[in-house]
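*Asks:* When the letters of the sequence shown are read in order and numbered with the UniProt record's numbering, they come out as residues 1 to 570.
There's a structure below that I have some questions on.
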Amino acid sequence: MDLDSESDSDNNNNNSFDMGVEIAHYKENDLLPANVDFSELEDPPQQNPGDLGHFKMPSLSLDEPPLPHNLIHHNPPVNIQTWPDPPSDDPDSNLEDELELSCQIINGPDRDPEYVERDNVDVPHVDPDDEPRLTEEEMREALEFNFGDMLDNEWVEMYHNRRTLQLLATCICSHFSRQTEFIAYRRLQILSGLETCVYDCCINSCVCYLGKYQELDKCPFCQEPRCNGRGKARRVFRYTPLIPQLQGLFQNAQMAKKLRYRVESDAKYKPHVIFDVFDSDNYLRLQQTRVHPNHPYHFFDNPKDIALGLSTDGFTLFKRRRRGLSCAWPIILINYNLDPSIRTHLENVICVGVIPGPKQPKDINSFFIPLLNELLELQQGVSMRGISAEPEGILYEFVLRAFIIIIFGDILAISKLMMIKGHNAFLPCRTCLIEGQLCQLKQTAVYYMPLRLPGPGQIRQWSHDALPIRTHEQFLRQYAKLGAARTQAEREEIARNSGINGEPIFTQLRSIDLPSNFPYDIMHLLFENLVPNMVKHWTGDFKGLDEGTGTYRISKAQWMMVGLLTARAT
């Protein structure tokens with residue numbers, strides 16, 4: 001029914017009023033509907049009503065009618081209940097200390113705002129999931145203010161129909177609730193049908209309370225309580241499921257056409273030419289590999305199969321790049337089925353959640369379990385309907401599959417995801433088995449990796465083009481040894497000699513091959529690490545080292561000239 005089609009003459013009718021919906025009209029002599037159940041009302045009306053002042057308003061529930069789908073799931077169950085424990089403090093590595101640099105407190109105008117936890121009483125009602133409701137008195141005042149000119153019998157007759165009551169309650173709730181940006185986002189979420197999963201997590205983001213942690217009342221690492229005095233979680237991790245986001249891409253013909261880039265790239269493949277991830281040996285190997293050994297389907301057999309890259313990293317939100325109270329860890333996925341020119345645009349980057357911080361997680365795997373659940377489901381295949389790109393607009397059914405082919409980030413983040421000891425360990429590298437040489441400093445000791453060991457009597461050398469490369473099978477054997485260790489001392493010895501703390505959860509994905517799926521990130525490795533350090537070395541500012549027997553040091557005057565010439569060239 002068209003709610004806006006009523007004429008102005010209808011508004012003059014004493015038996016109607018405008019609430020944004022059309023209400024059934026009753027005349028004074030009309031009989032009540034036969035299906036009215038007056039027992040549901042606290043004060044059933046009489047056939048000959050008196051003055052309105054003698055009528056008691058029923059207690060109406062102002063809760064919104066149930067949605068067709070529950071769009072917010074609080075602590076939904078996960079299929080994966082156990083995973084390897086994170087490593088304890090490791091004397092061979094200062095990885096945890098280096099990650100904590102991002103969370104140290106600083107003073108001054110650039111410091112992050114302090115986090116103020118909600119107390120138990122004065123909680124501001126601005127959460128879209130906690131929309132304020134009108135009390136009975138507030139509802140009565142609102143009704144009298146907006147509909148006070150109605151006749152007494154219209155008030156009484158309005159309560160004869162239960163559907164009218166529900167309609168009225170919904171209308172009052174929607175018209176008199178606080179209009180905020182949060183509520184707008186909540187309603188946008190309802191319209192889109194996109195579900196959200198909300199998981200309790202530690203106030204310091206040590207763990208997410210799911211799987212093996214779901215029954216805990218306090219954090220197993222920092223011992224902080226899980227809930228506040230009102231019994232509500234002190235901090236939550238919001239996860240936006242991946243599968244509905246991927247399914248939504250196929251509901252638009254233009255986007256469906258853009259998703260054909262992977263297939264078009266395969267058709268243009270030239271041996272020994274690297275243009276994109278689809279020219280890599282890892283991707284080509286997957287195309288020749290069955291998803292399941294006993295099933296003929298290979299990775300990316302279907303043109304609709306999606307290749308994904310997973311990334312995470314800790315960053316600060318305010319002012320400082322490091323040393324703040326606002327550390328957060330976004331979990332993002334890159335859709336490689338899109339052209340390289342658009343795949344990293346903000347609207348095409350898929351963010352499934354943000355680990356809230358303020359500190360780096362102790363068990364980061366617990367926050368990735370919901371994503372791993374979906375990736376395992378996508379590995380099996382999800383039936384869905386999509387809109388074809390050519391011919392445009394035709395609805396068809398297919399099985400959606402998506403596979404992770406790359407997991408990338410800086411060394412610290414990947415060390416946590418791979419559960420390896422990191423760059424300051426005896427075996428620091430995730431790609432090869434080069435051994436570190438212990439260097440004792442004044443206050444600490446670090447490992448470094450010279451290709452030729454210094455000092456007399458040191459004859460062992462490493463060839464830069466023939467390093468002992470790790471393999472996937474070797475990783476699996478070392479995981480088995482760690483699991484079979486009977487004592488903690490034996491486990492620590494195996495971990496030290498392998499550089500591995502445990503088995504990462506991503507080995508459950510059949511598309512993952514260690515270590516080729518965890519490449520070094522060129523941005524962190526070269527542009528944020530190697531290049532700045534080399535510039536410091538060339539200008540004599542690298543850790544107090546001089547040029548030794550070399551003659552490569554650039555004077556400050558020469559360096560100024562290089563800078564001026566570079567500026568002019570750009």
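For glycine and all other residues, C-beta sits at the position ideal for the given N, C-alpha and C.
My guess is that HIS74 and VAL273 are in contact by the Cβ rule of under 8 angstroms, so how many angstroms apart are they, rounded?
*Replies:* Going by Cβ atoms, the distance from HIS74 to VAL273 rounds to 50 angstroms, so no, they are not a contact pair.
*Asks:* Closest to ILE387 by C-alpha separation, out of SER341, LEU249, THR344, would be which residue?
*Replies:* With distances taken between Cα atoms, ILE387 lies closest to LEU249.
*Asks:* Between the segment 233 to 249 and the segment 194 to 210, do at least 3 Cβ pairs fall closer than 8 angstroms?
*Replies:* As far as the Cβ criterion goes, the segment 233 to 249 touches the segment 194 to 210, which means the pair count is three or higher.
*Asks:* If you pair each beta-carbon of the segment 488 to 507 with each one of the segment 419 to 429, do three or more pairs fall below 8 angstroms?
*Replies:* Segments in contact, yes.
*Asks:* Terminal residues of the continuous beta strand (DSSP E) containing ALA445?
*Replies:* Per DSSP, ALA445 belongs to the beta strand (DSSP E) from 445 to 448.
*Asks:* Cα separation between HIS472 and GLY381?
*Replies:* Roughly 25 angstroms between the two C-alpha positions.
*Asks:* Does GLN440 pass the burial test, meaning 16 or more other C-beta atoms within 10 Å, or should it be called exposed?
*Replies:* The residue is exposed, with fewer than 16 neighbouring Cβ atoms inside 10 Å.
*Asks:* Taking the alpha helix (DSSP H) that THR566 falls in, what are its first and last residues?
*Replies:* THR566 -> alpha helix (DSSP H) spans 556 to 569.
*Asks:* Would you call the CB atoms of TYR209 and CYS201 closer than 8 angstroms?
*Replies:* Yes, these two residues count as a Cβ contact at 8 angstroms.
*Asks:* Pick helix, strand or coil for VAL399, following the three-state DSSP scheme.
*Replies:* In the structure shown, VAL399 sits in a strand (DSSP, three-state: E or B).
*Asks:* I'd like the list of long-range same chain contacts for GLY53, defined as Cβ closer than 8 angstroms, with 5 residues on each side in sequence excluded.
*Replies:* Since pLDDT at GLY53 reaches only 49, below the 50 mark, its modelled position is unreliable, and the value read off the structure follows with that caveat. Contacts found: none.
*Asks:* Can you tell me which residues form a DSSP beta bridge with ASN335?
*Replies:* Bridge partners of ASN335: LEU308.
*Asks:* How would you write the range of the alpha helix (DSSP H) that ARG491 sits in, first residue to last?
*Replies:* 488 to 498 is the extent of the alpha helix (DSSP H) around ARG491.
*Asks:* Does MET384 come out as helix, strand or coil in the three-state DSSP assignment?
*Replies:* The answer is strand: DSSP assigns MET384 an E or B state.
*Asks:* Helix, strand or coil for ILE406, going by three-state DSSP, please let me know.
*Replies:* Looking at ILE406 - three-state DSSP - the assignment turns out to be strand.
*Asks:* Do residue 579 and ALA495 have their C-beta atoms within less than 8 angstroms of each other?
*Replies:* Given a span of 1 to 570 for the chain in the structure shown, any question on residue 579 remains unanswerable.
*Asks:* Decide if GLY544 is buried, meaning its Cβ has at least 16 other Cβ atoms within 10 Å, or exposed.
*Replies:* Answer is exposed; the Cβ neighbour count stays below 16.
*Asks:* For LEU286 and ARG452, what's the separation of their Cα atoms in angstroms?
*Replies:* One C-alpha to the other measures close to 37 angstroms.
*Asks:* Taking buried to mean at least 16 other C-beta atoms within 10 Å of its own C-beta, is GLY229 buried or exposed?
*Replies:* So GLY229 counts as exposed.
*Asks:* Say whether the segment 339 to 351 touches the segment 291 to 303, bearing in mind that this needs 3 or more beta-carbon pairs closer than 8 angstroms, one atom from each stretch.
*Replies:* Touching, no.
*Asks:* Taking just the CA atoms, how far does TRP559 sit from THR312?
*Replies:* Looking at the two C-alpha atoms, the distance is approximately 36 angstroms.
*Asks:* Taking all protein chains shown into account, do 16 or more other C-beta atoms lie within 10 angstroms of the C-beta of ASP217, making it buried, or fewer, making it exposed?
*Replies:* Result: exposed.
*Asks:* Along the chain, where does the beta strand (DSSP E) that runs through ASP200 open and close?
*Replies:* Start and end: 196 to 201.
*Asks:* State the start and end residues of the unbroken alpha helix (DSSP H) segment that holds VAL531.
*Replies:* Taken as a continuous stretch (DSSP letters only), the alpha helix (DSSP H) holding VAL531 covers 531 to 538.
*Asks:* Under a Cβ-count criterion, where at least 16 other Cβ atoms within 10 Å of its own Cβ denotes burial, should GLY353 be classed as buried or exposed?
*Replies:* Looking at its Cβ environment, which holds 16 or more other Cβ atoms inside 10 Å, GLY353 is buried.
*Asks:* Less than 8 angstroms between the C-beta atoms of PHE368 and ASP521, yes or no?
*Replies:* In this structure, ASP521 does not lie closer than 8 angstroms to PHE368 by Cβ.
*Asks:* Taking only three categories from DSSP, how would you classify GLY353?
*Replies:* Residue state, collapsed to three classes: strand.
*Asks:* Of the choices PRO76, PRO87, ASN252, whose alpha-carbon is the least far from that of GLN214?
*Replies:* Ranking the options by Cα distance to GLN214, first place goes to PRO76.
*Asks:* By the three-class DSSP mapping on this structure, what secondary structure does ILE505 have?
*Replies:* Helix, per DSSP.
*Asks:* Report the rounded CA-to-CA distance for ASP541 versus THR316, giving the unit in angstroms.
*Replies:* So the alpha carbons of these two residues sit roughly 27 angstroms apart.
*Asks:* Taking the C-alpha atoms as reference points, what is the distance between GLU390 and HIS295?
*Replies:* Near 30 angstroms, if we compare the C-alpha coordinates of HIS295 and GLU390.
*Asks:* To the nearest angstrom, how far is the alpha carbon of LYS258 from that of PHE278?
*Replies:* In a straight line, the C-alpha of LYS258 is about 16 angstroms away from that of PHE278.
*Asks:* According to DSSP, is GLN461 part of a helix, a strand, or is it coil?
*Replies:* The answer is strand: DSSP assigns GLN461 an E or B state.
*Asks:* So what's PHE518 in DSSP terms, helix, strand or just coil?
*Replies:* Residue state, collapsed to three classes: coil.
*Asks:* Say whether the segment 501 to 515 touches the segment 413 to 422, bearing in mind that this needs 3 or more beta-carbon pairs closer than 8 angstroms, one atom from each stretch.
*Replies:* Yes: at least three Cβ pairs fall under 8 angstroms.
*Asks:* Using only the alpha-carbon positions, how far apart do GLY231 and PRO225 sit?
*Replies:* The straight-line gap from Cα to Cα measures roughly 10 angstroms.
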